[in-house]
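Below is one structure, written out as structure tokens; the observations come after it.
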Amino acid sequence: MNEKSHIIAKVYGYLVCLVSVIVILVTISSLIGAFFDMNDPLHSNSYGTYSPSGVRTDLTSFESYKISKLSTQNETKDSKPTYIPDDATLKVAYESEKANVIDSVRQQAQRTITIDIILLLVAALLFWRHWIWVTEKK
Numbered sequence: 263m264n265e266k267s268h269i270i271a272k273v274y275g276y277l278v279c280l281v282s283v284i285v286i287l288v289t290i291s292s293l294i295g296a297f298f299d300m301n302d303p304l305h306s307n308s309y310g311t312y313s314p315s316g317v318r319t320d321l322t323s324f325e326s327y328k329i330s331k332l333s334t335q336n337e338t339k340d341s342k343p344t345y346i347p348d349d350a351t352l353k354v355a356y357e358s359e360k361a362n363v364i365d366s367v368r369q370q371a372q373r374t375i376t377i378d379i380i381l382l383l384v385a386a387l388l389f390w391r392h393w394i395w396v397t398e399k400k
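Under the working numbering, the first residue of the sequence shown carries the number 263, and numbering increases by one thereafter.
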């Protein structure tokens with residue numbers, strides 16, 4: 263192998279190692295976020311429910327949910343009286359929406375964790391193999 267091919271091969275090997283390290287670092291960051299989302303889905307910044315006006319619905323407590331629902335009803339510009347549900351109806355809606363968000367966030371977090379672990383393994387394997395190849399090449 264001539265000198266030019268040898269240099270190109272080393273540059274290629276080191277670039278694969280560099281890209282692998284970058285992918286590993288980004289993947290670890292994503293994994294950490296997914297684990298936090300999995301443990302506390304109601305405080306997740308990645309996922310959530312939004313009202314028709316684009317405001318995020320607060321599901322951390324029933325009182326916050328009630329205030330956000332009632333305030334979005336007051337934003338309508340119609341002069342017609344709006345239906346205001348009683349606390350029991352709101353509580354059922356709150357529990358249903360809360361369970362839906364928890365399930366959705368956990369499913370998304372599990373998906374992210376699965377993809378990130380596979381990506382982490384592939385990047386680590388690429389790094390390891392190319393590092394051995396580059397350091398053995400004389």
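Note that CB positions come from ideal geometry on N, CA and C, so glycine has one too.
For residue i, count neighbouring C-beta atoms within 10 Å of its own C-beta (all shown protein chains included) and say buried if the count is 16 or more, exposed if not.
i: A361; result: exposed
i: A385; result: buried
i: D302; result: exposed
i: T374; result: buried
i: Y345; result: exposed
i: D349; result: exposed
i: L321; result: buried
i: V367; result: buried
i: S282; result: buried
i: H268; result: exposed
In this structure, how does DSSP classify residue i when only helix, strand and coil are distinguished?
i: T303; result: It should be pointed out that residue 303 corresponds to Pro in this sequence rather than to Thr. Three-state DSSP puts P303 in a helix.
i: N264; result: coil
i: L321; result: coil
Would you check if the distance between the CB atom of residue i and the CB atom of residue j is smaller than 9 Å?
i: K291; j: A371; result: The sequence given here places Ser at residue 291; Lys does not occur at that position. Not in contact: S291 and A371 (Cβ atoms no closer than 9 Å).
i: L352; j: K331; result: yes
i: L293; j: L382; result: yes
i: G275; j: W390; result: no
i: A296; j: D378; result: yes
i: L388; j: V288; result: no
Please decide whether residue i counts as near chain C, where near means a Cβ-Cβ distance under 9 Å.
i: A355; result: This model lacks chain C altogether, as it is built from one protein chain only.
At 4 residues or longer, and completely inside the segment 325-386: list those alpha helix (DSSP H) runs for me, N to C. If we require 4 residues or more, the segment 325-386 turns out to have no alpha helix (DSSP H) run fully inside it.
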